[in-house]
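See below for the structure under consideration.
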Amino acid sequence: EAQVTQNPRYLITVTGKKLTVTCSQNMNHEYMSWYRQDPGLGLRQIYYSMNVEVTDKGDVPEGYKVSRKEKRNFPLILESPSPNQTSLYFCASSLGRQWGSEQYFGPGTRLTVT
Amino acid sequence: SQQGEEDPQALSIQEGENATMNCSYKTSINNLQWYRQNSGRGLVHLILIRSNEREKHSGRLRVTLDTSKKSSSLLITASRAADTASYFCATGAPGTASKLTFGTGTRLQVTL
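Protein chains in written order, with our numbering: chain A, 2 to 115; chain B, 193 to 304.
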């Protein structure tokens, strides 16, 4: 089954404790992206990757890191989480066509930073 | 910055009625997409319309795009309770078509 998986689905952590949210897709997609969703703000892009070893900042990259060492994986790293990073996070992937292509979303990771 | 803005923010209709949601955006686009999100879950792609297209259909969905007005609309005909969800438009800019910018969404409630 074609899908994007994220782990963990729920995470409660404390300020400053490094964490990683994993994202994996099995569709051989070139493009992958991370979003955060906050009430009233919709989805905002954190980072995206056009292909292996190619990553770029989205609209709200501060406090986050990513890497794309393999095509299928795109982990999101919070080196020193803060309470304002409490949010619902989504990973997505797509074929990355010039004229646009549909994005497939993971189920989401609900992060709480205390 | 937010590219798309949906209108209305919330919409409540009865089953069987049609639901229309609008999306406005600010800069040139390459494509515009609509997604649905059930409460707290991942988004599901509904339809993609390219900037050189004016209308597209998919089942009970009809999307229009007016690039001169920088706006799009999503029409759901004969709505069902299962259509209750949030609907988002997302735009892709020329040269970065894969990078989508999402609006804040319309919450649709369909009651029996």
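Every residue gets a Cβ at the ideal spot worked out from N, C-alpha and C, and that includes glycine.
This one's a predicted model, so the numbers in the text were calculated from it and none came from an experiment.
With 16 other CB atoms within 10 Å as the buried threshold, where does residue i fall?
| i | result |
| --- | --- |
| A/H30 | buried |
| B/M202 | Residue identity differs from the one stated: residue 202 of chain B is Ala in this sequence, not Met. Exposed, since its Cβ has fewer than 16 Cβ neighbours within 10 Å. |
| B/L238 | buried |
| A/A3 | exposed |
| B/I221 | buried |
| B/S193 | Residue placement at B/S193 cannot be trusted, given a pLDDT of 45 that sits under 50; the coordinates are not used to answer. |
| B/K291 | buried |
| A/Q99 | exposed |
| B/R272 | exposed |
For my contact list, residue i and residue j are in at a C-beta cut-off of 8 Å; report their separation, rounded to the angstrom.
| i | j | result |
| --- | --- | --- |
| B/D275 | B/L300 | 6 Å |
| A/G64 | A/S88 | A/G64 to A/S88, Cβ: 11 Å. No contact. |
| A/S50 | A/V67 | 7 Å |
| A/T14 | A/N74 | No, A/T14 and A/N74 are not in contact; Cβ-Cβ is about 21 Å, not under 8 Å. |
| B/F294 | A/L112 | The Cβ separation is near 19 Å, so there is no contact. |
| A/P108 | B/R233 | 7 Å |
| B/G284 | A/G17 | No, B/G284 and A/G17 are not in contact; Cβ-Cβ is about 37 Å, not under 8 Å. |
Helix, strand or coil: which one does DSSP assign to residue i?
| i | result |
| --- | --- |
| A/N8 | strand |
| B/Q201 | coil |
| B/A282 | strand |
| B/A273 | helix |
| B/K261 | coil |
| B/R242 | strand |
| B/L267 | strand |
| A/L20 | strand |
| B/K291 | strand |
| A/M28 | coil |
| B/N210 | coil |
| B/S216 | strand |
| A/V15 | coil |
| A/T111 | Sequence check: residue 111 of chain A is Arg here, not Thr. A/R111: strand per DSSP, three-state reduction. |
Grab the span of the beta strand (DSSP E) containing residue i for me, first residue to last.
| i | result |
| --- | --- |
| B/R252 | Premise fails: B/R252 is in no beta strand (DSSP E) and is neither H nor E. |
| B/N223 | N223 to Q229 |
| B/L304 | First-last for B/L304: undefined, no H or E at that position. |
Self-check item: Runs of beta strand (DSSP E) lying entirely within the stretch 30-105 of chain A, each at least 3 residues, in chain order
Solution: 32-39, 43-52, 55-58, 77-79 and 88-95
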